[in-house]
Structures are given as structure tokens and as C-alpha cells.
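The sequence shown begins at 195 in my numbering and counts up one residue at a time. All residues carry an ideal CB built from backbone N, CA and C; glycine is no exception. Just below is one structure, and these are the notes that go with it.
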Amino acid sequence: MRRYRFRLPAAGPGSPAGTDYGTGLHGGTGTVYASGRRCPAVSAREIVIRLVFSTVSTVGLSILFYIRPRRLPLATLGGFLTYAVYLLVHTVLASEFVCNMLASLAGALYAELLARRTRVPVTVYTIPCVIPLVPGSVLYRTMSSLVQSRLSDAVTYGLNTVTVALGIASGIVAGSVLAILYRSLRERLRNRRHPR
Numbered sequence: 195m196r197r198y199r200f201r202l203p204a205a206g207p208g209s210p211a212g213t214d215y216g217t218g219l220h221g222g223t224g225t226v227y228a229s230g231r232r233c234p235a236v237s238a239r240e241i242v243i244r245l246v247f248s249t250v251s252t253v254g255l256s257i258l259f260y261i262r263p264r265r266l267p268l269a270t271l272g273g274f275l276t277y278a279v280y281l282l283v284h285t286v287l288a289s290e291f292v293c294n295m296l297a298s299l300a301g302a303l304y305a306e307l308l309a310r311r312t313r314v315p316v317t318v319y320t321i322p323c324v325i326p327l328v329p330g331s332v333l334y335r336t337m338s339s340l341v342q343s344r345l346s347d348a349v350t351y352g353l354n355t356v357t358v359a360l361g362i363a364s365g366i367v368a369g370s371v372l373a374i375l376y377r378s379l380r381e382r383l384r385n386r387r388h389p390r
């Protein structure tokens with residue numbers, strides 16, 4: 195686990211500007227919990243490495259879930275795009291919930307679009323899209339802290355895991371609801387133009 199220290203603006207009238215610090219815990223690929231407004235700066239090299247490994251993990255788990263070879267490139271592209279959206283949003287916002295929600299929303303919309311085009315169930319593309327966002331290392335650290343009786347660490351990691359999971363679930367549900375609303379609206383407009 196790496197710890198980042200960074201300066202935050204003054205917290206109150208008694209503290210001089212620039213002396214307060216926030217600490218962020220880095221729990222693995224795609225999981226940074228920061229108390230500041232923005233996350234610590236990440237180099238372009240690290241962004242490329244994260245994108246490559248998120249794509250590789252998407253390919254591996256897509257094969258594990260028996261996604262057909264002809265659908266594998268589109269499923270992999272979904273995982274890549276979802277994680278790219280996560281990294282893009284994470285440069286602006288420090289909220290894990292919002293970052294994961296927006297990234298999984300983008301992945302869910304991508305999956306809905308491709309599922310209609312290729313005529314397969316939506317889950318064929320949804321699962322690979324959200325694979326890079328799953329906080330596996332933080333969940334492992336939560337369980338490890340519980341086993342070692344480090345309850346404060348377990349609570350910190352557990353809250354981070356729950357926050358990420360809720361963000362992913364909210365984004366998928368929002369994407370599905372938007373797709374249903376779009377299809378319903380399109381059907382109503384079609385019925386208006388061509389009444390039976």
C-alpha cells in the first residue's frame with residue numbers, strides 16, 4: 195500500500211493556508227481513495243500502464259466467461275473505454291463513487307448500444323466493461339485486515355470497497371434505465387408518425 199501526502203487549502207480560520215495535509219490510500223489498479231479535491235498527479239506512463247493492464251484483464255476475464263471470439267474485440271474495447279473514462283473523470287474529481295458511477299454508466303451505455311447492434315444479451319458486453327473497475331485488491335485488503343484484527347484498516351478499506359461497488363451498480367442501473375427510456379421514447383415517436 196502506498197500513501198500519498200499532498201497539500202490542501204486551509205481548513206479553518208486558525209490554520210495558515212497550505213499547511214493542512216490529506217492522505218490518500220492507493221489500493222491497486224483503479225482504486226484511489228483521497229480526501230482532497232483532486233487526486234495526486236499521475237504520470238502519462240502510469241496512465242498507459244493502467245490502460246494496458248485493464249485491457250489485458252478484460253480480455254482474460256472475457257475468455258473466462260466464454261465470450262465468443264468474434265465478440266471479444268468489442269468487449270475488450272468496452273473495458274478499455276470504461277477505464278479510460280474512469281481515469282479521465284478521476285483527474286477532475288476525487289469522489290470514488292462519482293468516478294466509478296460515470297465510468298460504469300459509459301460502459302453500460304456502450305454495452306446497450308452494442309447489444310442492440312449485434313443482437314446479443316446486454317450482459318455479454320456489460321460484464322467485460324465493468325471488470326476494470328472492480329476493486330479486487332481493496333476487497334482483499336479488507337479481508338486481510340479483518341483476519342489480522344486491524345479493525346481501523348478494515349473499516350477504511352471496507353468503506354472504499356462499498357463506495358466503489360455502489361458506484362458501479364448505480365452506473366449500470368442508470369445506463370439500463372436510460373436505454374429503456376430511449377427505446378420507449380423512440381417507440382412513441384414512431385407511433386405518432388405512423389398511427390395504426
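Quick one: is PHE259 buried, meaning 16 or more other Cβ sit within 10 Å of its Cβ, or exposed?
Burial call: exposed.
Nearest-angstrom Cβ-Cβ length linking SER364 and MET295, presumed shorter than 8 Å
Indeed, because the Cβ distance is near 5 Å, the residues count as touching under 8 Å.
Taking buried to mean at least 16 other C-beta atoms within 10 Å of its own C-beta, is ASN354 buried or exposed?
Residue environment analysis places ASN354 among the buried positions, since at least 16 neighbouring C-beta atoms fall within 10 angstroms of its C-beta.
Expressed to the nearest angstrom, what Euclidean distance is found between the alpha-carbon atoms of PRO322 and ALA348?
C-alpha separation (whole angstroms): 28 Å.
Opening and closing residue of the alpha helix (DSSP H) in which VAL316 lies:
Element bounds for VAL316: n/a, residue is neither H nor E.
So is HIS284 buried or exposed if we call it buried at 16+ other beta carbons inside 10 Å?
Around the beta carbon of HIS284, a 10 Å sphere encloses 16 or more other beta carbons of the protein chains shown; the residue is thus reported as buried.
Would you mind giving the Cβ-Cβ distance between THR276 and LEU327, rounded to the nearest angstrom? I have them listed as a contact below 8 Å.
Rounded, the Cβ-Cβ distance is 7 Å, consistent with contact.
Going by the CB atoms, is the gap between GLY361 and PHE291 shorter than 8 Å?
Yes.
Looking at the structure shown, is THR223 part of a helix, part of a strand, or coil, going by DSSP?
Confidence is the limiting factor: at THR223 the pLDDT is only 39, short of 50, which leaves the residue's position unreliable, though a coordinate-based value still follows. In the structure shown, THR223 sits in coil (DSSP, three-state: anything other than H, G, I, E or B).
Look at the alpha carbon of TYR319 and the alpha carbon of VAL250, and state the distance between them as a whole number of angstroms.
Cα to Cα, the separation comes out at about 16 Å.
ILE243 to GLY301, Cα distance in whole Å?
Answer to the nearest angstrom: the Cα atoms are 20 Å apart.
Skipping 5 residues on each side, what residues in its chain have a beta carbon closer than 8 Å to that of SER370?
Excluding sequence neighbours, SER370 sits near ALA302, GLU306, VAL316.
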